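Asks:
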Amino acid sequence: MDFFQLNAGALAYLGDSVLECLVRQALILKGYEKSAHLNKEALNYVTAVNQCKAFHNIEGCLTETESAIFKRGKNCSHLNIPKSASPIEYKTATGFEAIFGYLHLTKDNNRINELFTLAYPEL
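Counting in my numbering, the sequence shown runs from 56 upward without gaps.
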């Protein structure tokens, strides 16, 4: 299957869960144990506003394919923009998620970890 041709919204949907798992894992490895504290701390990383910021940490490091996936995700039309984010922040976050969804499908775990570390250096 050509994962590049998949619907960008579907890639973002998958990428959202990939990022959520990576953030949760990183927080647990940092010593957070209580679920209420984990949930509160995770919001510092998984909201559209914070994903937009994280994207800016990796945008200069993307391959041509990753950049194309990002653009497709950013331009997908399904967006229900939350009040907590601007349209640009939300679209950028959607593109960011699409990259991680694509990399997950292609089983490129090394690249996922590399980009995640660059996107969230504090984790």
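Glycine residues also receive a C-beta, built at the ideal position from the N, C-alpha and C atoms. The model shown is predicted, which means the values in this text are computed figures rather than measured ones.
Tell me whether Leu178 sits in a helix, a strand or coil according to DSSP, three-state version.
Replies: Note: Leu178 maps to coil in three-state DSSP.
Asks: In angstroms with no decimal places, state the Cα-to-Cα distance between Glu96 and Ile143.
Replies: Rounded to whole angstroms, Glu96 to Ile143 spans 24 Å at the Cα level.
Asks: Check whether the Cβ atoms of Asn112 and Leu173 lie closer than 8 Å to each other.
Replies: Yes, these two residues count as a Cβ contact at 8 Å.
Asks: Can the beta-carbon of Phe155 be found closer than 8 Å to that of Phe125?
Replies: Contact: no.
Asks: Residues in its own chain within less than 8 Å of Leu160 by CB, not counting five upstream and five downstream?
Replies: Closer than 8 Å at the Cβ level, and outside the excluded window around Leu160, lie Phe58, Leu61, Leu66, Leu69.
Asks: Do the CB positions of Thr149 and Lys129 come within less than 8 Å of each other?
Replies: For Thr149 and Lys129, yes; Cβs fall inside 8 Å.
Asks: Over what stretch of residues does the alpha helix (DSSP H) that includes Asp71 continue unbroken?
Replies: Note, Asp71: alpha helix (DSSP H), 63-84.
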